[in-house]
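Counting with full-length UniProt numbering, you get residues 1 to 318 for the letters of the sequence shown. Structure first, commentary second.
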Amino acid sequence: MQLSFSAFNQIRSSLHVPTTSSQLLRHGQPKEKVVVVLGVTGAGKSRLSIDLATRFSAEIINSDKMQVYRGLEIATNKITDEERRGVPHHLLGVVDPDCDFSAANFRAMASISLRSILSRRQLPIIVGGSNSFVEALVDVDFRSRYDCCFLWVDAAMPVLASFASDRVDRMVERGMIEEVRAFFRSNADYSRGIRRAIGVPEFDEYFRVESECDEETRARVLAEAIDAIKANTSRLACRQLEKIHRLRNTRAWRMHRLDTTEVFRKRDGEAEAVWNSVVAGTAEAVLSRFLYDMEPAVCGGVMAMRSGARPLMAATAS
1 MQLSFSAFNQ IRSSLHVPTT SSQLLRHGQP KEKVVVVLGV TGAGKSRLSI DLATRFSAEI
61 INSDKMQVYR GLEIATNKIT DEERRGVPHH LLGVVDPDCD FSAANFRAMA SISLRSILSR
121 RQLPIIVGGS NSFVEALVDV DFRSRYDCCF LWVDAAMPVL ASFASDRVDR MVERGMIEEV
181 RAFFRSNADY SRGIRRAIGV PEFDEYFRVE SECDEETRAR VLAEAIDAIK ANTSRLACRQ
241 LEKIHRLRNT RAWRMHRLDT TEVFRKRDGE AEAVWNSVVA GTAEAVLSRF LYDMEPAVCG
301 GVMAMRSGAR PLMAATAS
């Protein structure tokens, strides 16, 4: 079974979508603006997208191929309601977990969400780690209709690997094992739906033997499963980085790189200060130039728009 078309139609019917393409791009008018946030798992994409969405009039379209499914909030690392800070999210936890959701499905549904957001004069921010989904959406036809700003959230891989390992431990502490156990089936197909997510197949052996072995064996198998999750997360990050380099070098996507390495190296208030100045502050300046077609004026460390510039859309920096 492919995407549940009943779910697709339900989502589509709930959106206000312009009926003709002329309502999106009229002759003689500038292209409408779309922001795409790329990066490997754990680099800070979601955090940046929320920061930008609260500074500009924006809504977020999820492009993570596992987070589109309902369920496994911990294992798929879905952003929580509190972390969203009231920012509307699209294509997050909306697909039946047993369905296969392809890049073509994403392109169709993301296009609907994007038109709906633009019809309300909001800025669409597409964010997620599934670069194949983003590539399927942002083709030549898409670029001919929309003006895209690509933000690449990056960090040194050894630093990210350490953070990702710690994050897996925190996910286990939050209850990931019990969450995944609810999805365990003895005949499960780990090549379909949400069961492809890292953190699901790795626990298969543990769930099969946990009730039939001694405590020492059970602890060993569990530790092996957790180590496998960490290793597979690291491999995923490497594949994601390779794909980003291909999009930049072969597809010639012009990306604004934002280095979050020092954020991970700092602690508490120092990390927050580095994030606000080096990452979020830089991204805000980039978007201001992108949206308003002008350079920001900086006086005394405070960024402001140069007077006389005409906004290209109804997104305003706060």
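Think of the CB as a built atom: it goes at the ideal place given N, C-alpha and C, for glycine as much as any other residue.
- Under the three-state reduction of DSSP, N249 is assigned to helix.
- The segment 192–204 and the segment 98–112 touch, with no fewer than 3 CB-CB distances between them shorter than 8 Å.
- Between V286 and C149, the gap from beta carbon to beta carbon is short of 8 Å.
- The C-alpha of G199 is placed about 11 Å away from the C-alpha of F184.
- L38 is positioned such that its CB atom lies no closer than 8 Å to that of I177.
- For V153, the three-state secondary structure derived from DSSP is strand.
- The residue among N105, G44, S113 and G71 with its C-alpha nearest the C-alpha of I60 is S113.
- Taking C-beta separations shorter than 8 Å and ignoring five residues to either side along the sequence, the partners of R251 in its chain run E135, following chain order.
- Annotated three-state conformation of I79 is coil, per DSSP.
- Counting along the chain, E32 sits inside no alpha helix (DSSP H); it lies in the beta strand (DSSP E) bounded by residues E32 to G39.
- Beyond the five residues adjoining it in sequence on each side, T261 comes within less than 6 Å, by CB distance, of A155, A156 and V159 in the same chain, given in chain order.
- The beta carbons of R47 and E284 sit no closer together than 8 Å.
- Between the segment 102–110 and the segment 61–71, the count of Cβ pairs shorter than 8 Å is three or higher; the stretches touch.
- The way I'd put it, the segment 197–217 does touch the segment 164–180; three or more beta-carbon pairs between them come closer than 8 Å.
- A distance below 6 Å between beta-carbons, with the five flanking residues on each side excluded, links R143 to no residue of its chain.
- Proximity of the segment 161–173 to the segment 220–239 meets the contact definition, three or more beta-carbon pairs being nearer than 8 Å.
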